[in-house]
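Take any residue in the sequence shown, note its place counting from 1, add 87, and you have its number in my numbering.
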Amino acid sequence: MTLKSIVYESGKLEILDQLLLPNQTKYIRIDGVEDGWRAINTMQVRGAPAIAIVGCLSLAVELQREVFNSKKVIRQEVEGKLNYLVSARPTAVNMKIAAQVLINFVNELDENETVGPEDMKSGFISAIEAMLEKDIADNRAIGEFGADAILSSIPEDHVVRIITHCNTGSLATAGYGTALGIVRTLHARKRIEHVYCTETRPYNQGARLTAYELVHEQIPSTLVCDSMVAALMKSRSILAVVVGADRVAANGDTANKIGTYQIAVTAKYHNVPFYVAAPRTSIDFSIPSGEYIVIEERPDKEMTHIGEHRIAAQGISCWNPAFDVTPAHLITAIITEQGVFKPHELQNI
Ligand code: MRU
Numbered sequence: 088m089t090l091k092s093i094v095y096e097s098g099k100l101e102i103l104d105q106l107l108l109p110n111q112t113k114y115i116r117i118d119g120v121e122d123g124w125r126a127i128n129t130m131q132v133r134g135a136p137a138i139a140i141v142g143c144l145s146l147a148v149e150l151q152r153e154v155f156n157s158k159k160v161i162r163q164e165v166e167g168k169l170n171y172l173v174s175a176r177p178t179a180v181n182m183k184i185a186a187q188v189l190i191n192f193v194n195e196l197d198e199n200e201t202v203g204p205e206d207m208k209s210g211f212i213s214a215i216e217a218m219l220e221k222d223i224a225d226n227r228a229i230g231e232f233g234a235d236a237i238l239s240s241i242p243e244d245h246v247v248r249i250i251t252h253c254n255t256g257s258l259a260t261a262g263y264g265t266a267l268g269i270v271r272t273l274h275a276r277k278r279i280e281h282v283y284c285t286e287t288r289p290y291n292q293g294a295r296l297t298a299y300e301l302v303h304e305q306i307p308s309t310l311v312c313d314s315m316v317a318a319l320m321k322s323r324s325i326l327a328v329v330v331g332a333d334r335v336a337a338n339g340d341t342a343n344k345i346g347t348y349q350i351a352v353t354a355k356y357h358n359v360p361f362y363v364a365a366p367r368t369s370i371d372f373s374i375p376s377g378e379y380i381v382i383e384e385r386p387d388k389e390m391t392h393i394g395e396h397r398i399a400a401q402g403i404s405c406w407n408p409a410f411d412v413t414p415a416h417l418i419t420a421i422i423t424e425q426g427v428f429k430p431h432e433l434q435n436i
């Protein structure tokens, strides 16, 4: 059975509540933009592509039940609500790019005199629905390009050991996954010897979500704490690190889950290639470098507690940035659905 984080049919959206995983598999209904914003903000759904898709689909279900007599009203509503959804989490760029694309699209429909309000609404909803299929197709392409790139340096009968960080799989996307999609493709080609997934403190996307996906897919895998990566690279031969991205700047600097940067530094030291897997919708050509990326800071409780159980000393203060920026010079290549690019070649996309 394929894992599905997003279940959608016209007018009805449900998401797998990722706060409850891996212990409970519970789908919750998203009835409109308010629900969508809250689910993204509280991380019931997370992962850059999934955030954008759930945000946009929450708008689609809300529009589905409304009746419009005026195109101007649709345009204003769509623009206001998309901008609101962008504010749910600041670092991942996919929702922002999706909002820009959809606002441009709704403006074109508004200017087209042959399109009436109801056609405008249904055309807009169809454009959102198309994102689901496109994301899965893009992830499959990333999987193929990524597997080819990783395997290119080794003989055909060799198998690989890979490290991945955070969760970039079916739960973080419409399906299949980006970095974890590459792992899936390598596994399908029978070229994975072992995957090491990091715990990904403090929110534990690795221990809770990636481990869940790897076990579900029966991919040979082991969980390590974030602090074990250097020891792992020293003691086992690791062929590559593959991670996802929340936002890639025009020069290739990449914001991803906190801890990614230290893994990239460690990979450089051990001569292990470090790949970023990201769809085109995670690349922000409007910013020249990672300095311009806003890093979300999350509540102390994610660090001080595990569930409701306090583990940190009372009274200690916390710093909890959810992401860090890996400089482009530490990145071997960025794997997209359009091919594999060295950071300085990104502009060729
Ligand atoms: O805070 P999260 O769980 O939304 O962070 C997710 C990540 O950092 C992922 O690596 C990234 O969004 C890519 S998901 C394909």
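All C-beta atoms in this analysis are idealised placements derived from N, C-alpha and C, irrespective of residue type, glycine included.
Report all residues from its chain with a CB closer than 8 angstroms to the CB of A409; omit the five preceding and five following residues, and keep chain order.
By 1-based counting over the sequence shown, the position of residue 409 is 322. The answer, listed in chain order, is T178, Y290, K344, I345, I382, E383, E384 and R385.
Quick check on the DSSP output: the beta strand (DSSP E) that includes V282 runs from which residue to which?
For the purposes of this step, residue 282 is taken as the residue at position 195 of the sequence shown. Run containing V282: I279 to T285, per the beta strand (DSSP E) assignment.
By how many angstroms is the C-alpha of L296 removed from the C-alpha of L258?
Taking the sequence shown and counting its residues from 1, one reaches residue 258 at position 171. Taking the sequence shown and counting its residues from 1, one reaches residue 296 at position 209. For L258 and L296, the distance between alpha carbons rounds to 7 angstroms.
Between H281 and I241, what straight-line distance do the alpha-carbon atoms span, to the nearest angstrom?
Reading the sequence shown from its first residue, position 194 is the one you call residue 281. Reading the sequence shown from its first residue, position 154 is the one you call residue 241. Spanning the two alpha carbons is a distance of roughly 16 angstroms.
Among the residues of its own chain, which have a CB less than 8 angstroms from the CB of A298, if the five just before and after it don't count?
Position 211 of the sequence shown, counted from the start, is the residue given in the question as residue 298. Excluding sequence neighbours, A298 sits near P109, C284, S308 and L310.
With three or more C-beta pairs closer than 8 angstroms as the rule, is the stretch 138-153 touching the stretch 107-127?
Result yes; three or more Cβ-Cβ pairs closer than 8 angstroms.
Helix, strand or coil: how does DSSP classify H396 here?
Within the sequence shown, residue 396 is the residue found at index 309, counting from 1. Looking at H396 - three-state DSSP - the assignment turns out to be strand.
Suppose contacts are defined by Cβ-Cβ distances below 8 angstroms. Is N261 in contact with I140 by that definition?
Working through the sequence shown from its first residue, we reach residue 261 at position 174. Working through the sequence shown from its first residue, we reach residue 140 at position 53. Here the sequence assigns Ala to residue 261, which means Asn is not the residue at that position. Their beta carbons are under 8 angstroms apart, which means A261 touches I140 by this criterion.
Going by the beta-carbon positions, is the gap between C58 and T419 smaller than 8 angstroms?
Here the chain has residues from 88 to 436 only, and residue 58 is not among them.
Any contact of the stretch 318-336 with the stretch 360-379, i.e. 3+ C-beta pairs under 8 angstroms?
The answer is yes - the stretch 360-379 touches the stretch 318-336, with three or more Cβ pairs under 8 angstroms.
What residue from P430, L196 and P414 has the CA that sits closest to I380's CA?
Your numbering for residue 380 matches position 293 in the sequence shown. Per the Cα distances, P414.
Heavy atom of the ligand MRU less than 7 angstroms from the Cβ of Y290, yes or no?
Reading the sequence shown from its first residue, position 203 is the one you call residue 290. Y290: yes, Cβ under 7 angstroms from the ligand MRU.
Measure the beta-carbon distance from T272 to V330 and round it to whole angstroms, keeping in mind my assumption that it falls under 8 angstroms.
Within the sequence shown, the letter at position 185 stands for residue 272. Within the sequence shown, the letter at position 243 stands for residue 330. That belief does not hold up - the Cβ atoms of T272 and V330 are roughly 16 angstroms apart, past 8 angstroms.
Excluding the 5 residues preceding and the 5 following E149 in the sequence, name in chain order all residues of the same chain whose CB lies nearer than 8 angstroms to its CB.
Along the sequence shown, one-based indexing puts residue 149 at 62. So the list reads D118, G119, V120 and K168, once near-sequence residues are dropped.
CB of K221 to nearest heavy atom of the ligand MRU: below 7 angstroms?
Indexing the sequence shown from 1 puts residue 221 at position 134. It does not: the Cβ of K221 is nowhere closer than 7 angstroms to a heavy atom of the ligand MRU.
Would you kindly check if the distance between the Cβ of I374 and the Cβ of L484 is under 8 angstroms?
Any property of residue 484 remains undetermined from this structure, which presents the chain solely from 88 to 436.
Along the alpha helix (DSSP H) that carries S209, what are the first and last residues, could you check?
Mapped onto the sequence shown, residue 209 falls at position 122. Per DSSP, S209 belongs to the alpha helix (DSSP H) from P204 to L238.
I need the DSSP call for I250, collapsed to helix, strand or coil.
Against the sequence shown, residue 250 aligns to sequence position 163. Strand, per DSSP.
Classify I102 as helix, strand or coil using the three-state DSSP reduction.
Taking the first residue of the sequence shown as position 1, residue 102 is located at position 15. The answer is strand: DSSP assigns I102 an E or B state.
Return yes when at least one heavy atom of the ligand MRU lies under 7 angstroms from the C-beta of N199, else no.
The residue you call residue 199 lines up with position 112 of the sequence shown. Flag unset: Cβ of N199 not near the ligand MRU.
Would a C-beta distance cut-off of 8 angstroms place I229 and P366 closer than the cut-off?
Here residue 229 is taken as the residue at index 142 of the sequence shown, counted from 1. Here residue 366 is taken as the residue at index 279 of the sequence shown, counted from 1. Contact flag set, yes.
Taking a contact to mean a Cβ-Cβ separation below 8 angstroms, would you say E300 touches H274 in this structure?
Residue 300 sits at position 213 when you count from the first residue of the sequence shown. Residue 274 sits at position 187 when you count from the first residue of the sequence shown. Not a contact, by the Cβ cut-off of 8 angstroms.
Should T498 be listed as close to the ligand MRU, given that the test is whether its C-beta is under 7 angstroms from any heavy atom?
Nothing about residue 498 can be reported from this structure: the residues present for the chain run from 88 to 436 only.
Please classify S322 as buried or exposed, where buried requires at least 16 other C-beta atoms within 10 Å of its C-beta.
Mapped onto the sequence shown, residue 322 falls at position 235. By the 10 Å Cβ count, S322 comes out exposed.
Starting from the N-terminal side, write out each stretch of the alpha helix (DSSP H) that is 4 residues or longer and does not extend beyond the stretch 331-378.
Listed in chain order, the complete alpha helix (DSSP H) runs (minimum 4 residues) inside the stretch 331-378 are 347-356.
For A234, count neighbouring Cβ atoms within 10 angstroms of its own Cβ and tell me buried if that reaches 16, exposed if not.
Sequence index remark: in the sequence shown, residue 234 carries index 147 (1-based). A234 is buried by the Cβ-count criterion.
Which residue or residues does DSSP assign as beta-bridge partners of F410?
Counted from its first residue, the sequence shown places residue 410 at position 323. Per DSSP, K344.
When the distance is taken between beta carbons, is A135 closer than 8 angstroms to D333?
On the sequence shown, residue 333 is found 246 positions in, with the first residue counted as 1. On the sequence shown, residue 135 is found 48 positions in, with the first residue counted as 1. Contact flag set, yes.
Output the boundary residues of the beta strand (DSSP E) element that contains A63.
Past the boundaries of the shown model lies residue 63; the chain is included only from 88 to 436, so the question cannot be answered.
Give every residue of the same chain whose Cβ lies closer than 8 angstroms to the Cβ of V247, excluding the five residues on either side of it in the sequence, and list them in chain order.
Your numbering for residue 247 matches position 160 in the sequence shown. So the qualifying residues of the chain are I237, L238, I241, L273, R278, I279, E280, L326 and A327.
What are the boundary residues of the alpha helix (DSSP H) that includes S322?
Position 235 of the sequence shown, counting from 1, holds the residue named residue 322. Taken as a continuous stretch (DSSP letters only), the alpha helix (DSSP H) holding S322 covers V316 to S322.
List the DSSP bridge partners of S308.
Working through the sequence shown from its first residue, we reach residue 308 at position 221. S308 is bridged to V282.
According to DSSP, is G426 part of a helix, a strand, or is it coil?
The residue given as residue 426 occupies position 339 in the sequence shown. Residue state, collapsed to three classes: strand.
In this structure, how does DSSP classify R444 when only helix, strand and coil are distinguished?
Residue coverage of the chain in this structure runs from 88 to 436, which leaves residue 444 outside it and unanswerable.
Could you pull out every residue in the same chain whose Cβ sits closer than 6 angstroms to the Cβ of G256, ignoring the five residues on either side in sequence?
Along the sequence shown, read from residue 1 onward, the residue named residue 256 stands at position 169. Here the set comprises G264, L267 and E300.
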